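Q: Just so you know, we're using our numbering here: the sequence shown kicks off at 11 and counts up by one.
Each residue gets a CB set at the ideal place from its N, CA and C atoms; glycine is no exception.
Since the model is a prediction, treat every value here as computed from it, not as a measurement.
Encoded as structure tokens, here's the structure I'll be asking about.
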Amino acid sequence: MNAGHRHALLRGEFTNIPVDRSNVVRVFISSTFADMSMERDALLDKAFPDVQAFCQKLGLVFEVSETIS
Numbered sequence: 011m012n013a014g015h016r017h018a019l020l021r022g023e024f025t026n027i028p029v030d031r032s033n034v035v036r037v038f039i040s041s042t043f044a045d046m047s048m049e050r051d052a053l054l055d056k057a058f059p060d061v062q063a064f065c066q067k068l069g070l071v072f073e074v075s076e077t078i079s
């Protein structure tokens, strides 16, 4: 995507946007350590393995990025 396309997006113009193809699905989690610990554990232990398996079947890469403050 060139600078002209980025500027159009920032102005709210969503026409003629080039397709950016990627095989990566990224999830970003940000929270304090105690704020979301139960939810975070459920995602990491139960949900994300299923999502990763689903993505692999489609030829996609599933990545989790986590920031705990």
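Do the region 13-32 and the region 55-62 meet, that is, are 3 or more Cβ pairs less than 8 Å apart?
A: no
Q: Beta-carbon separation of valine 74 and valine 37 under 7 Å?
A: The residue labelled residue 74 in the question sits at position 64 within the sequence shown. The residue labelled residue 37 in the question sits at position 27 within the sequence shown. Yes, the Cβ-Cβ distance between valine 74 and valine 37 is below 7 Å.
Q: May I ask which residues mark the beginning and end of the alpha helix (DSSP H) holding serine 32?
A: The residue given as residue 32 occupies position 22 in the sequence shown. Neither: serine 32 is in no alpha helix (DSSP H) and is coded neither H nor E.
Q: Under 7 Å, do threonine 77 and serine 40 count as touching if we go by C-beta distance?
A: Here the question's residue 77 lines up with position 67 in the sequence shown. Here the question's residue 40 lines up with position 30 in the sequence shown. Cβ distance < 7 Å, so threonine 77 and serine 40 count as in contact.
Q: Is leucine 19 close to chain C? Criterion is C-beta to C-beta, closer than 7 Å.
A: Here there is only one protein chain, and chain C is not present.
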